[in-house]
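Take our numbering: the final residue in the sequence shown is number 390, and no numbers are missing along the way.
Virtual Cβ for every residue (Gly too), placed ideally from N, Cα, C.
Below is one structure, written out as structure tokens, with a few remarks after it.
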Amino acid sequence: MTEFLFWTDAYLTKFDAKVIEIKENNIILDKTAFYPQSGNQVCDKGYLEKEEKRYIIEHVFKEEEKVFHQINSKLADEFRVGDSVTGNIEWKYRYGIMRAHSSQHLLSAIIKNKFDIDTIHANILYEEVMLQISHEISEYQLKECLQELNRISIIEDHIFNTLIVSKEDFSKYSDDLRGNIPDDNKIRLVEVPGYDLICCGGTHVKNSTEIGPIFMYEFKKGTDIKYVLGQKALELYSQFNSDLISSSNLLGISYSDFFQTIQRQNRDYNELGQSYIKVASNLIDYISKYPSLQIKEWSIGVLELDVEFKFIQKQFKEFPENYTLIILKPKNKVIIISNSEKIKANEVMNYLIQRYGGRGGGSPYSAQGTLDSIPEDIPSLIKTLYK
Ligand SMILES: [Zn+2]
């Protein structure tokens, strides 16, 4: 069994220990400050020192109360049971993970306390957190949480207490608990008085203001939140701030109107897009009834339109039989779609490429390509091809 020093002192970066077991290239110690990869928190980095030689820790994991310190397989036979070693934790990395984990507890507690929504999954990395909650919240609600989280992690002091209790004593605490209860003999509790109480084996800060600023950079489906903190957040804040100034100057909008203006322009653009789609749809409908050229029972229609293939394909289902539709898009892009037995889309496309240069291809039913130049009278060319 390994004594978990990281449970009692998350700030311990150097410790002496004895080797109690060696399993392949894993060194098991009587006690350790190395946090093993478990649950949602990544493991620590660092090295073991023995007789002034350093052994880099490649991975740390836990199996049945024992912590495995994985080292280079070529060096494992330099260890014997009973050896004295000194463990050294890479502090900057550990501290970034600690601060991330504590910030995650706070955010999960804020969401639980405000909206009674649980956290179903969290990933804790160096100065970065991914969080998934059980029910959707709005962007406005997220903003409320972000404000509160930033206040606690930058300005307001809140203490993190940790407590190890036995299964028997645990019932005293279980009423106020957020999250699940593990089936262990010893249960570790992490408490932020007035805010949160949860079972957790992770490493945590003593004071919430050690966390530093939070910058959320992704919010999807109303449930999936990603953010960075501390130094990573400061870098993003600075980048975002200078981008905002540059973009405001570029567009001639003051920063306070920036997002409203973008939203308004986006709305206008969408409305314009809707009108364009309507006009395009009417044009396609028109050409289906009045083709550009009719040879015997075959119809050929040509339209200059900037629409997607899928959009044309849908409407083409309603076209009369023996119809070949050619759509000319910007940048010399051509779409050919045909339901005719005789006129095949890929044959027409190859013919146009041969004569006018470019590339493309497709099936007898539909073909797409880009020509070096667009011919004036495509229907007449098709007429020549199939005469
Ligand atoms: Zn935790």
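Asked                                                                                                                                  : Found
Between G99, I162 and K21, which lies nearest to L232 when the distance is taken from Cα to Cα?                                        : G99
Is it true that the CB of I340 sits closer than 7 Å to the CB of S369?                                                                 : yes
Taking 6 Å as the cut-off, is the C-beta of C46 nearer than that to any heavy atom in ligand 1?                                        : no
Closest to I136 by CA distance: which of Q144, T122, F322 and D271 is it?                                                              : T122
Give a single yes or no on whether C203 has its beta carbon closer than 6 Å to a heavy atom of ligand 1.                               : yes
Relative to the C-alpha of N349, which residue among N335, D375 and I385 is closest?                                                   : I385
Considering only the beta carbon of each residue, do A112 and Y198 sit closer than 7 Å?                                                : yes
Near L237, what residues of its chain come up, given a Cβ to Cβ distance below 7 Å and the 5 sequence neighbours on each side ignored? : P216
Would you kindly report the start and end of the unbroken beta strand (DSSP E) that includes G233?                                     : Where G233 is concerned, there is no enclosing beta strand (DSSP E), although the alpha helix (DSSP H) it sits in stretches over G233 to L254.
Could you give the distance in angstroms between the alpha-carbon of E52 and the alpha-carbon of G42?                                  : 28 Å
Distance check for F37 and W94, CA to CA, integer angstroms please.                                                                    : 11 Å
State the beta-bridge partners of A370 as determined by DSSP.                                                                          : I339 and G365
Output the distance between the C-alpha atoms of D227 and N116, rounded to the nearest integer angstrom.                               : 18 Å
Starting from I167, trace the beta strand (DSSP E) in both directions and tell me its first and last residue.                          : N164 to S169
Compute the Euclidean distance between the alpha carbons of D187 and R97, then round it to the nearest angstrom.                       : 25 Å
Using the three-state DSSP reduction, which class does C202 fall into: helix, strand or coil?                                          : strand
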